[in-house]
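I have placed the structure first, in the form of structure tokens, so that the comments after it can refer back to it.
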Amino acid sequence: SPCEHDGICVNTPGSFACNCTQGFTGPRCETNVNECESYPCQNDGSCLDDPGTFRCVCMP
């Protein structure tokens, strides 16, 4: 499949498109979305962007 990161390839007239899994974007799902850009962590937690997801690290 030309789609990366488990993206689903969809045939289109004369070409194809990729339906990307959550956390990835781009014509071939090649780009990791930085979920930390939206500041999802609360209570001053630090956001760590991982491929396809993110983690919040809470301060003790």
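The sequence shown begins at 1 in full-length UniProt numbering and counts up one residue at a time.
All C-beta atoms in this analysis are idealised placements derived from N, C-alpha and C, irrespective of residue type, glycine included.
Between the options, which has its C-alpha nearest residue i's C-alpha?
| i | options | result |
| --- | --- | --- |
| Glu35 | Pro13, Cys9, Ser46 | Ser46 |
| Gly7 | Phe54, Asn43, Thr31 | Thr31 |
Which same chain residues, not among the five before or five after residue i, have their C-beta less than 7 Å away from its C-beta?
| i | result |
| --- | --- |
| Cys41 | Cys47, Cys56 |
For residue i, name the three-state secondary structure that DSSP assigns.
| i | result |
| --- | --- |
| Cys20 | coil |
| Cys47 | strand |
| Ser38 | helix |
| Cys29 | coil |
| Ser1 | coil |
Alpha carbon to alpha carbon, how far is residue j from residue i? Give it in angstroms, no decimals.
| i | j | result |
| --- | --- | --- |
| residue 71 | Ser38 | In this structure the chain extends from 1 to 60, so residue 71 is not present and cannot be described. |
| Ser1 | Met59 | 42 Å |
| Asp50 | Thr21 | 14 Å |
Whose C-beta lies closer than 8 Å to the C-beta of residue i among residues of the same chain, with five residues either side of it excluded?
| i | result |
| --- | --- |
| Val10 | Phe16, Ala17, Cys18, Asn19 |
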